[in-house]
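Asker: Residue numbers (the UniProt record's numbering), protein chains in the order written: chain A, 1 to 752; chain B, 1 to 110.
Take this structure, written in structure tokens, and hold onto it; I'll ask about it next.
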Amino acid sequence: MAEENAWRKIEGDEEVVRTCAWSPPGCHPVGCGVKLHIKDGKLVKVEGDETHPITQGRLCVRCLTLPEYIYHPDRILTPLYRDPKDRGKDKWNPITWDEALDIIEEKVNYVKENWGPESQVVLQGTGRESTLYASAMAYACLGTPNQSSPLSGQACYGPRCTVADFLLGAGYPELDYAAFFPDRYDDPRYEVPKYIILWGKDPLFSNPDGFFGHAIIDLMKRGTKLITIDPRVTWLGVKAEYHLQLRPGTDAAVGLGLLHVVIGEDLYDHEFVEKWCFGFEDLAERVKDWTPERVAEVAWVDPDALVGAARAFATNAPSSIMWGLALDTATNGVQASQTLLDLAAICGYMDVPGGITLAVPASFMGKWRFEIINKLPAELKAKKILNPKYLAWNATATQAHDDAVLDALETDKPYPVKLVWIFSSNPLACCGVQPKRWLEALKRTEFNVVQDVFMTPTAMGACDLFLPLATYAEHDGVVLPHFGRNTHFLGAMNKAIEVGDCKSDIEICIAVGKRLNPAEWPWDTAAEFFTAQIKPNIGLTFEELQDEGIHMQSFEYRKYETGGLRPDGEPGFNTTTGLIELKSTLYPDWNEDALPYFEEPFYSPYSDKISDEEKAEYPLVLTTGGRVTASFHSEHRQIPSLRAITPDAIVEIHPETAAKYGIEEGDWVCMENSLGRAIEKAHLTTKLDPRVVHAHHGWWYPEQEAEEPNLYGVFKSAVNELIPHDNCSVLGWGAPYKNVICKIYKVNSLDD
Amino acid sequence: MKTHGLLIDFKYCTGCHACEIACKNEHDIAMDEWGIKVFEFGPQKLKGKWAWDYLPMPTDLCDLCTERREAGKKPACVHHCLADCMAVVPVEEISARMQEAGDKVVSYIP
């Protein structure tokens with residue numbers, strides 16, 4: 001048994017290791033406090049750590065079932081290799097890490113010599129710890145400028161961060177839930193928000209980007225009232241004072257309507273607007289015509305609820321807004337996000353107690369993962385895979401454009417992609433739109449590597465080398481809520497057990513880096529790497545961080561008054577004007593309107609971009625991706641206790657609509673449009689408008705046949721088959737994952 | 001005579017299932033058996049107003065985690081409840097605690 005220390009205690013015949021959770025298993029960097037109970041070197045139980053400042057002992061079912069995940073018989077425990085000619089067949093052979101590294105070295109050098117370093121692409125997933133290190137694999141190991149994700153329009157967090165950067169010059173604006181204060185809600189500096197708008201966000205089970213979802217409940221107990229904006233009546237929507245039940249994809253219209261009321265009724269914070277906002281008069285002019293009646297017509301929102309919500313929010317300081325993924329998953333989402341930030345700004349809720357916290361982006365070690373690209377020669381950086389039409393992206397983004405990467409894989413333009421490294425992602429089951437296209441595109445390469453915990457449809461269908469990942473209980477690491485973009489603490493992740501021959505994402509980077517580019521990888525262990533990253537920022541070595549457990553970051557409100565938001569230390573915001581840009585000074589250079597506007601989704605019942613025949617054939621609005629507690633995106637489908645909670649992919653249909661199509665509770669239902677089809681199980685519920693259906697995402701069936709063409713049934717419930725490729729905003733961010741059209745009909749089985 | 005009850009301020013219960021799994025872990029309960037189980041009402045409108053509630057119910061397997069409480073810990077369900085809406089309360093305090101919680105509160109003596 002290991003010796004006791006600050007984070008490891010002996011209790012009877014067990015060791016108890018305190019640590020912060022991240023992933024795998026998949027989750028966002030909330031860094032929940034857990035106590036891992038170890039007996040004879042094996043994890044026997046997980047408990048919540050009651051000393052953790054945010055979670056205080058509370059823990060969700062995904063961590064509570066961690067032993068099922070770690071010791072699952074299907075888990076991959078050693079590197080696997082398969083001849084590229086056998087893609088899609090279950091012909092994997094176990095190999096050692098040395099053999100795996102030999103193969104990587106040979107294949108990478110072969111591809112580099114024949115097609116250049118730029119012909120390699122690293123694709124990252126979402127949420128997981130890997131998001132910190134995918135860029136290092138691209139820039140510092142493989143030496144390619146092409147790091148991207150298999151999303152469309154980076155429609156997950158990226159758009160919101162980018163819009164915040166453009167308009168506020170700040171990191172991710174987050175609800176103030178006293179996360180920075182060790183004594184939390186009792187801190188004398190803190191004020192409880194009077195209202196919180198939850199906009200396209202149901203945080204209880206999504207725990208987005210580092211936010212502990214049930215902090216909303218903490219605040220409700222302390223008097224906070226809710227305003228929800230969601231096409232579904234969520235559980236929080238039922239508890240809300242106002243619920244704005246909008247048509248999917250019309251968030252910008254709702255935002256323009258809220259601004260219309262707040263400005264028209266003179267409910268805004270004049271002093272803040274005069275001192276700290278740019279473009280107010282033009283914004284006022286822009287929203288003048290967006291009457292509640294017009295919003296009701298466009299967005300199906302009850303006009304009285306819209307007016308009530310706007311008044312309640314603007315006249316009860318401090319109040320706050322949380323913005324959700326729905327703002328990213330719409331082509332018009334950039335503008336919806338602009339209305340949201342404008343609303344919070346003119347009400348004076350930016351960086352005040354109980355409002356929205358702002359931070360300098362990329363604090364702690366978040367910065368390194370982007371700056372490492374500067375190690376590449378300029379002419380190589382210039383070869384990044386981009387789409388020339390996305391001027392804003394091309395001028396400002398570090399990553400290759402997601403949709404342009406799929407185009408390059410399919411067409412060899414601007415050049416062939418010959419090696420893809422899938423860095424903890426399962427695009428066929430989850431984030432990729434048009435997943436059948438992704439499969440065929442990935443098959444066109446010379447060599448594909450994947451790192452994951454379980455065999456996935458993506459690995460089985462298209463990869464040649466599988467590198468087995470260690471869970472958070474099995475490796476040293478750090479947790480960085482909001483990936484460094486508004487980070488209240490840095491948490492230590494402590495290795496408690498060893499299982500098989502698995503490595504963490506950063507350990508894989510170090511091993512590969514030492515082979516391919518040793519100059520950039522002087523560290524022998526993850527701990528050495530972390531010390532090098534964090535010591536310059538917080539003065540602690542990794543071991544000292546482990547002893548501290550959680551290192552809280554200090555926080556100051558109203559940083560625009562003190563110079564805390566600008567690198568030059570001057571008051572104001574880090575934008576061209578030094579003010580919050582209600583009207584962007586950047587957008588016109590990128591062919592985008594400086595002010596927010598509403599644009600009808602491309603595939604909608606009112607779109608003028610598709611034919612009347614197509615609209616008549618597919619009369620329903622399809623939205624996707626509502627979260628459940630028992631899975632993180634496409635993960636956890638094989639964990640028995642979790643699958644028992646959510647056994648099936650569910651399509652939610654209003655009973656009237658179901659009756660019209662002869663569908664009953666529990667029937668298998670096919671959703672279909674001109675792009676594709678998917679089958680899920682019907683659940684009839686009045687929480688949706690009869691004109692809208694909602695489908696679960698991320699479904700595959702680990703219990704089914706692994707080999708092609710079935711690939712664990714991944715295409716059966718692939719709702720992303722109905723989502724268009726490259727339907728992004730003018731700026732290049734955002735894609736319509738949550739707002740297309742479809743028809744529905746009853747089928748006999750999942751296999752129909 | 002039972003000395004304690006399980007008080008649940010169920011207006012805050014979000015149906016997260018943490019109590020069910022934490023209980024199974026603590027008492028080594030099979031997947032298809034339960035020490036506590038969450039029931040759901042709604043979402044549906046009642047006389048025009050939305051209602052959607054969850055209510056965990058302890059079963060015959062619940063002993064309010066006697067062993068844990070003797071060791072100075074909270075019962076597994078109470079400890080892990082994401083909404084922090086459960087508590088073990090001495091029976092003589094139950095009525096006062098229910099009044100304090102206001103509405104939508106229940107107490108069990110399992």
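Even for Gly, the Cβ is constructed at its ideal location relative to N, Cα and C.
Predicted model, so just to flag it, every value in this text is computed and none were measured.
First and last residue of the beta strand (DSSP E) that includes A:GLU47?
Answerer: To locate residue 47 of chain A, count along the first sequence from 1; it is residue 47. Looking at the DSSP string, the run of the beta strand (DSSP E) that includes A:GLU47 is 42-48.
Asker: Could you check if B:ASN25 is buried or exposed, using at least 16 other CB atoms within 10 Å of its CB as the buried criterion?
Answerer: Sequence index remark: in the second sequence, residue 25 of chain B carries index 25 (1-based). With 16 or more other Cβ atoms within 10 Å, it is buried.
Asker: Which class does A:GLY333 belong to by DSSP, given the choice of helix, strand or coil?
Answerer: To locate residue 333 of chain A, count along the first sequence from 1; it is residue 333. Correct three-state label for A:GLY333: helix.
Asker: Spatial neighbours of A:TYR190 within its chain, please: C-beta separation below 8 Å, excluding the five flanking residues on both sides.
Answerer: In the first sequence, the residue the question calls residue 190 of chain A occupies position 190. So the qualifying residues of the chain are ASP176, ALA178, PHE181, ARG184, PRO353, GLY354.
Asker: DSSP state of A:HIS488, grouped into three classes?
Answerer: Working through the first sequence from its first residue, we reach residue 488 of chain A at position 488. A:HIS488 falls in the coil class under three-state DSSP.
Asker: Using only CA atoms, which one of A:GLU293, A:GLU271, A:ILE263 lies nearest to A:ARG311?
Answerer: Here residue 311 of chain A is taken as the residue at index 311 of the first sequence, counted from 1. A:ARG311 has its Cα closest to that of A:ILE263, out of A:GLU293, A:GLU271, A:ILE263.
Asker: If A:ILE217 sits next to A:TYR195, beta carbons under 8 Å apart, how far is it from one beta carbon to the other, in whole angstroms?
Answerer: Counted from its first residue, the first sequence places residue 217 of chain A at position 217. Counted from its first residue, the first sequence places residue 195 of chain A at position 195. No, A:ILE217 and A:TYR195 are not in contact; Cβ-Cβ is about 16 Å, not under 8 Å.
Asker: Buried or exposed: which applies to A:GLU371, given that a residue is buried once 16 or more other Cβ atoms fall within 10 Å of its Cβ?
Answerer: Counted from its first residue, the first sequence places residue 371 of chain A at position 371. Answer is exposed; the Cβ neighbour count stays below 16.
Asker: Flag this pair as yes or no: are the beta carbons of B:ALA18 and A:LEU343 separated by less than 8 Å?
Answerer: Residue 18 of chain B sits at position 18 when you count from the first residue of the second sequence. Residue 343 of chain A sits at position 343 when you count from the first residue of the first sequence. No, the pair does not count as a contact, with Cβ atoms beyond the cut-off.
Asker: Applying the 10 Å Cβ sphere with the 16-neighbour rule, what's the burial state of A:VAL44?
Answerer: Here residue 44 of chain A refers to the residue found at position 44 when the first sequence is read from its first residue. Classification of A:VAL44: exposed, given that the 10 Å Cβ count is below 16.
Asker: For a contact meaning CB atoms closer than 7 Å, what does B:GLN44 contact in chain A?
Answerer: Here residue 44 of chain B corresponds to residue number 44 of the second sequence, with the count starting at 1. Those within 7 Å of B:GLN44 in chain A are THR686.
Asker: At a CB-CB cut-off below 8 Å, which residues of chain D make contact with A:LEU64?
Answerer: Among the protein chains in the structure shown, which are A and B, there is no chain D.
Asker: Output the distance between the C-alpha atoms of A:GLY213 and A:LEU256, rounded to the nearest integer angstrom.
Answerer: Indexing the first sequence from 1 puts residue 213 of chain A at position 213. Indexing the first sequence from 1 puts residue 256 of chain A at position 256. Roughly 27 Å between the two C-alpha positions.
Asker: Provide the residue(s) that pair with A:TRP668 in DSSP beta bridges, ordered along the chain.
Answerer: Indexing the first sequence from 1 puts residue 668 of chain A at position 668. A:LYS681, A:VAL747, per the DSSP bridge assignment.
Asker: Below 6 Å CB to CB, which residues in the same chain sit around B:LEU7 once its five sequence neighbours on both sides are set aside?
Answerer: By one-based count along the second sequence, residue 7 of chain B stands at place 7. Once the five neighbours on either side are set aside, the close Cβ partners of B:LEU7 are ALA87, VAL89, ARG97, SER107.
Asker: Alpha carbon to alpha carbon, how far is A:VAL307 from A:TYR242?
Answerer: For the purposes of this step, residue 307 of chain A is identified with residue 307 of the first sequence, where counting begins at 1. For the purposes of this step, residue 242 of chain A is identified with residue 242 of the first sequence, where counting begins at 1. In a straight line, the C-alpha of A:VAL307 is about 10 Å away from that of A:TYR242.
Asker: CB-CB under 7 Å to B:GLU20, same chain, minus the five flanking residues each way: which ones, in chain order?
Answerer: Reading the second sequence from its first residue, position 20 is the one you call residue 20 of chain B. The answer, listed in chain order, is TRP34, ILE36, LYS37, VAL38.
Asker: Cα separation between A:ASP269 and A:TRP276?
Answerer: On the first sequence, residue 269 of chain A is found 269 positions in, with the first residue counted as 1. On the first sequence, residue 276 of chain A is found 276 positions in, with the first residue counted as 1. Looking at the two C-alpha atoms, the distance is approximately 11 Å.
Asker: Report back the beta-carbon spacing between B:HIS27 and B:LEU61 to the nearest angstrom; my notes put them in contact at under 8 Å.
Answerer: The sequence position of residue 27 of chain B within the second sequence is 27, counting from 1. The sequence position of residue 61 of chain B within the second sequence is 61, counting from 1. Between B:LEU61 and B:HIS27 the Cβ distance is about 6 Å, and since that is below 8 Å, they are a contact.
Asker: For A:SER135, name the three-state secondary structure that DSSP assigns.
Answerer: To locate residue 135 of chain A, count along the first sequence from 1; it is residue 135. Reduced to three states, the DSSP call for A:SER135 is helix.
Asker: In whole angstroms, what is the alpha-carbon distance linking A:GLY143 and A:THR398?
Answerer: In the first sequence, residue 143 of chain A corresponds to position 143, counting from 1. In the first sequence, residue 398 of chain A corresponds to position 398, counting from 1. Their Cα atoms are separated by approximately 14 Å.
Asker: B:TRP50 versus chain A: which residues are under 7 Å apart at the beta carbon?
Answerer: One-based indexing of the second sequence puts residue 50 of chain B at position 50. Chain A residues near B:TRP50: VAL233, VAL238.
Asker: By the DSSP assignment, the alpha helix (DSSP H) with B:CYS77 in it spans what residues?
Answerer: As a first step, residue 77 of chain B is located in the second sequence; it is residue number 77 there, counting from the start. B:CYS77 -> alpha helix (DSSP H) spans 76-80.
Asker: Taking the straight line between their C-alpha atoms, what separation do you get for B:ASP9 and B:LYS104?
Answerer: As a first step, residue 9 of chain B is located in the second sequence; it is residue number 9 there, counting from the start. As a first step, residue 104 of chain B is located in the second sequence; it is residue number 104 there, counting from the start. Roughly 6 Å separates the two Cα atoms.
Asker: Taking three-plus beta-carbon pairs below 8 Å as touching, is the region 634-652 of chain A in contact with the region 55-74 of chain A?
Answerer: Because the criterion of three Cβ pairs below 8 Å is met, the region 634-652 of chain A and the region 55-74 of chain A touch.
Asker: Got a sec: which bits of the region 85-102 of chain B sit with their beta carbon under 7 Å from any beta carbon on chain A, in order along the chain?
Answerer: Within the region 85-102 of chain B, no residue qualifies.
Asker: How is the beta strand (DSSP E) around A:CYS20 delimited, first residue to last?
Answerer: Taking the first residue of the first sequence as 1, we reach residue 20 of chain A at position 20. First-last of the beta strand (DSSP E) with A:CYS20: 14-20.
Asker: Closest to B:GLU40 by C-alpha separation, out of B:GLY48, B:ARG69, B:ASP32, B:TYR12, would be which residue?
Answerer: Stepping through the second sequence from its first residue, residue 40 of chain B is reached at position 40. Ranking B:GLY48, B:ARG69, B:ASP32, B:TYR12 by Cα distance to B:GLU40 puts B:TYR12 first.
Asker: Using a Cβ-Cβ cut-off of 6 Å (strictly less than) and excluding sequence neighbours within five positions of A:LEU151, which residues of its own chain qualify?
Answerer: Taking the first sequence and counting its residues from 1, the one referred to as residue 151 of chain A is at position 151. Once the five neighbours on either side are set aside, the close Cβ partners of A:LEU151 are ASP402, CYS431.
Asker: Would you mind reading off the limits of the alpha helix (DSSP H) that contains A:GLU11?
Answerer: Start at 1 with the first residue of the first sequence, and residue 11 of chain A comes out as number 11. Careful: A:GLU11 lies outside any alpha helix (DSSP H), inside the beta strand (DSSP E) at 8-11.
Asker: My assumption, with CB atoms under 8 Å, is that A:ALA326 sits in contact with A:PRO596. Please give the rounded CB distance.
Answerer: Residue mapping note: residue 326 of chain A aligns to position 326 of the first sequence, counting from 1. Residue mapping note: residue 596 of chain A aligns to position 596 of the first sequence, counting from 1. The pair is not a contact, with the Cβ atoms about 16 Å apart (cut-off 8 Å).
Asker: List the residues of chain B whose Cβ lies closer than 7 Å to the Cβ of A:THR629, in chain order.
Answerer: Counted from its first residue, the first sequence places residue 629 of chain A at position 629. Ordered by position in chain B, the residues that pass the 7 Å Cβ test against A:THR629 are CYS16, HIS17.
Asker: Could you compute how far the alpha carbon of A:LYS559 sits from the alpha carbon of A:ALA695?
Answerer: Residue 559 of chain A sits at position 559 when you count from the first residue of the first sequence. Residue 695 of chain A sits at position 695 when you count from the first residue of the first sequence. Computed Cα separation, rounded: 42 Å.
Asker: I need the DSSP call for A:GLY223, collapsed to helix, strand or coil.
Answerer: Looking up residue 223 of chain A in the first sequence gives position 223. A:GLY223: coil per DSSP, three-state reduction.
Asker: Tell me A:THR624's beta-bridge partners as DSSP assigns them.
Answerer: Indexing the first sequence from 1 puts residue 624 of chain A at position 624. According to DSSP, A:THR624 bridges with A:ALA695.
Asker: Around the C-beta of A:SER23, are 16 or more other C-beta atoms found within 10 angstroms, so that it is buried, or is it exposed?
Answerer: As a position in the first sequence, residue 23 of chain A is number 23, starting the count at 1. Buried: at least 16 other Cβ atoms inside 10 Å.
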